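Protein chains in written order, with our numbering: chain G, 98 to 392; chain S, 36 to 566.
Even glycine gets a Cβ: it sits at the ideal position worked out from N, Cα and C.
From a predicted model like this one, the values you see are computed outputs, not experimental measurements.
Take a look at the structure below.
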């Protein structure tokens, strides 16, 4: 017993301050790739190198459409290495969670030159830029309601619908003293019947499809669903095949998508708090990036 | 208690082997592999002879070569602690008579693996004592997804009927407790059906393959450089080990040697993977008997290793580092230096952690004699890795079939005979100390140099095996190269596939509330099993 007290006293406080303080992460951390769309000359090497098809190039007669899907990205960094022009950079960005699947997809269009390169950027689109303004007030009202109902204390049921276990490792880490989810009034529960939120990892396998649906139905209203990781969002590296149906939203409606492979614990916290409308409350300013969207 | 690394001899002697077994072909392809062929009718006799000789049947799998005009093949991978080489024997199975003799009655270790061949290829394991489905659930249609004529993107109609047919549990006062696939904790899905009389467990029926995602099929037709990422995603906590096993198979097929620096870097990262998992498991085991302080300290320590991982590779779980030919990104001296400092801190903290854990008699009392797997059973079931070593099975790929830079360091392989939860934890504790020793030796000798070499295109149809001692145990990857830099086949054998039956044995006679800690002491991968 003496050893325990002594160690506890020596250890002191180990819990991080995130989201009210910046996340202490290594300078070597490989986060989201960022794309300098305006000056990008040739997207083909990066697309060729991408193991999951998160970067695709479609050439029609004299137009090239480049699509970047952060919901498929596994942060391997191969695109930046293959590109070599400096237009693709690996950043330490990890706060990528989005409420809308289309917010994770960027489409750039370029006139195509004779040598197969791209000339000046002709258009850039993403979900948030195409939003239907007429339903914005409704969306805001729903978010406010979610925040009022669930924004204080939250019970989460985690569902592994077919993952490799990487996401579970990081989700499990949230309960450690370092991340200590409970300091935010959030805890994991053993049954969906006690839960407000389902935190679901994927890809959803054919063998877990029914179990996931039953878990969703067993969760009392009001409830929110968060899809975790590239596989939970899109099926990731496994894609859709005879044994999988792809992302979580192929089976149940999803409120927030958290990219990553796996998302680091801070990214999970960010996504969970975003779903509750609590990210707006954080106590420090975050530098803006091209990934950040108007809320 | 522990045994030093043994010297490695040559057990598979060609003239003797040919005298005793009717091999049609015998070819020593490298100092790590022997390829041989027998007639299917000889399989039983061959297996019996080799097992009598002290060999272990590590894996059984199949391959569809009908598109290449040669029907099917079944492969048997044998291993002997006194020979550095794996013996890979194949036998042809004609497409018009899809049967092969089962050896599961004599070698229970391959029970599941033979049934997997039945499910995936439609080849009948003739004489199998329990030929039910294992890899496809009972409600799947009659398909054989790993046959070449089955398109991977087939969309199957909604399944009908019972997902599983269980053996009935009868008797007065006997109950069944169904658990899963969605569990109470943050773990992977699987179904456990306990038969209990009061508290003690009479019998456990397991149903796995809930996370079956068609990984082996997905490898087929995938370019090698992309397939590495799929290999890293077989089992989340063993990403680097699986990735390394895959890359070793590719390098062996390509006939290349990776630079010394790459070998040492891989060794360091393989041991870091062992460290973060072992220390996490030690915490989880003591947590499952109510010793929360131990878990809090252990999970903090695990974070320390994960931060080290990130500092060295940009990924907490060591993703995106290993590649065919070496490792993707070199380290700056500063990174290696910080790693050394973090190790010193880890060592100090781990000493404190174990002092705390060892000071708790009630914790020890709950772990001692709980969930016993007897050495005889462990041997018969072909149990590998941590679980095997806690039950007298003295196997370690690092020592018996050295890869990366493991032949440069001496280390001990802890082996216990008692086979209970306490010993499975002890094996982990001892291995943490050995890992630290190995990493230190590697850091000290990490000389500058290239960290990768280019990999030439694989000769079409070439085959090779990669073997790694993941933190759970022996990981095998067997590949066949196809045309245009793509793969024709990739067989993955995660140690969990061997070890699940051990859990069934270990829980018998224990009480239901001890199941979580027994399960945790094995900590098997569902995804690695299900693929």
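Using the C-alpha atoms, what's the distance from residue 209(G) back to residue 371(G)? 39 Å
How should residue 196(S) be labelled, buried or exposed, when 16 other C-beta atoms within 10 angstroms of its C-beta is the threshold for buried? exposed
Between residue 104(G) and chain S, is there a C-beta pair that is closer than 9 Å? yes
What residue range does the alpha helix (DSSP H) around residue 273(G) cover? Unbroken run through residue 273(G): none, as it is neither H nor E.
Comparing the C-beta of residue 279(S) with each C-beta of chain G, is any distance below 9 Å? no
Members of the segment 332-354 of chain G near chain A, C-beta cut-off 8 Å: Although the question refers to chain A, the structure presented lacks it and instead comprises the protein chains G and S.
Against chain G, with Cβ distances strictly below 9 Å, would residue 69(S) count as a contact? no
Sort 364(G), 344(G), 369(G), 169(G) by Cα distance to residue 122(G) and report the nearest one. 364(G)
Helix, strand or coil at residue 393(G) [DSSP, three-state]: This structure does not reach residue 393(G), given that chain G is present from 98 up to 392, and the question cannot be answered.
Does any residue of chain G have a CB that is nearer than 9 Å to the CB of residue 342(S)? yes
What are the boundary residues of the alpha helix (DSSP H) that includes residue 101(G)? 99-108
Given that a residue counts as buried once 16 or more other Cβ atoms are within 10 Å of its Cβ, and exposed if not, what is residue 312(G)? buried
Would you mind telling me which residues of chain G sit closer than 7 Å to residue 332(S), beta carbon to beta carbon, in chain order? 104
Mind listing the chain S neighbours of residue 265(G)? Cutoff is C-beta to C-beta under 8 Å, in chain order. 221, 222, 223, 271
State the DSSP-derived secondary structure class of residue 403(S), mapped to helix, strand or coil. coil
Neighbour list for residue 302(G) in chain S, Cβ cutoff strictly below 7 Å: 245, 246, 247, 248
Within the segment 492-553 of chain S, note down every full alpha helix (DSSP H) run reaching 4 residues or more, in order along the chain. 530-542
Are residue 460(S) and residue 366(S) closer than 9 Å when you measure CB to CB? no
DSSP three-state label for residue 164(G), please. strand
Determine, using beta carbons only, whether residue 548(S) comes closer than 9 Å to chain G. no
Are residue 44(G) and residue 282(G) closer than 9 Å when you measure CB to CB? Because residue 44(G) is not part of the residues shown, which for chain G are 98 to 392, the question remains open.
Under the three-state DSSP convention, the category residue 61(S) falls into: strand
Minimum C-alpha distance to residue 233(S) - residue among 562(S), 561(S), 548(S): 548(S)
Taking 9 Å as the threshold (beta carbon to beta carbon), is residue 151(S) in contact with chain G? no
Inspect the CB distances between the segment 92-106 of chain S and the segment 505-516 of chain S and report whether three or more fall short of 8 Å. yes
Comparing C-alpha positions only, which one of 269(S), 536(S), 193(S) sits nearest to residue 304(G)? 193(S)
Give the residues from the segment 352-371 of chain G that approach chain S closer than 8 Å (Cβ to any Cβ), ordered along the chain. 358, 359, 361
For a contact meaning CB atoms closer than 8 Å, what does residue 495(S) contact in chain G? Residues of chain G passing the Cβ test: none, with the nearest at roughly 22 Å.
Residue 362(G): first and last residue of the uninterrupted alpha helix (DSSP H) it sits in: 362-372
Beta-carbon neighbours of residue 285(G), restricted to chain S and to distances below 9 Å: 220, 221
If we ignore side chains and look at the alpha-carbon of each, how far apart do residue 73(S) and residue 502(S) end up? 23 Å
Could you check the C-alpha separation between residue 211(S) and residue 486(S) for me, to the nearest Å? 55 Å
Could you work out which residues of chain G lie near residue 191(S), taking near to mean beta carbons separated by less than 9 Å? 303, 339, 340
Which of the three DSSP states is assigned to residue 54(S) in this structure? helix
With residue 211(S) as the anchor, note down where its alpha helix (DSSP H) starts and where it stops. Segment 209-214 is the beta strand (DSSP E) holding residue 211(S); no alpha helix (DSSP H) there.
Within 10 angstroms of its Cβ, does residue 375(S) collect 16 or more other Cβ (buried), or is it exposed? exposed
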